[in-house]
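Written out below as structure tokens is the structure these notes cover.
In this note's numbering, the protein residues as written are 187 to 323.
Right, dumping it as structure tokens:
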């Protein structure tokens with residue numbers, strides 16, 4: 187069975203970041219439909235068909251043999267979402283470092299400066315504009 191599936195998927199595009207996003211979108215739409223199907227049936231039916239279309243498109247991309255076009259679509263998706271993904275990753279990084287470091291903004295140039303926590307009142311040097319400012323860490 188596994189070999190048949192591997193043979194079937196040979197030469198097909200498979201799963202990428204855009205497909206992962208589409209699957210998450212499908213689940214979000216379907217949950218929305220499930221929650222609101224009794225309250226607002228008109229909107230829920232639209233969400234049902236929209237989620238179904240999203241699922242069909244996801245499987246179409248996954249089983250497509252036109253690899254170049256699917257890779258191009260994925261690259262366009264990655265280019266359009268680069269800023270959002272960068273901001274989310276920065277927030278994740280700050281959240282992971284919150285127990286060990288404090289992050290301050292320089293009052294003159296607004297550059298973020300990372301300082302170890304628990305050192306008391308310290309003078310912080312901004313590497314961008316060479317300004318010194320005093321804060322509690």
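C-beta atoms are modelled at their ideal positions from N, C-alpha and C, and glycine is treated no differently.
Item, Value
"Does the contact criterion of 3 or more C-beta pairs under 8 Å hold for the region 206-225 versus the region 233-248?", "yes"
"Would you call the region 189-203 in contact with the region 244-259, where contact means no fewer than 3 C-beta pairs closer than 8 Å?", "yes"
"Which residue from 306, 237 and 284 puts its Cα closest to that of residue 212?", "237"
"Looking at residue 289 and residue 300, is the spacing between their C-beta atoms short of 7 Å?", "yes"
"Where are the beta strand (DSSP E) runs, 3 residues long or more, that stay fully inside the region 244-295, in chain order?", "287-291"
"Taking the alpha-carbon positions, what's the residue 266 to residue 260 distance?", "10 Å"
"Among residues of its own chain, excluding the 5 on either side of residue 233, which ones have a beta-carbon nearer than 6 Å to its beta-carbon?", "215, 218 and 219"
"Would you call the CB atoms of residue 296 and residue 323 closer than 7 Å?", "no"
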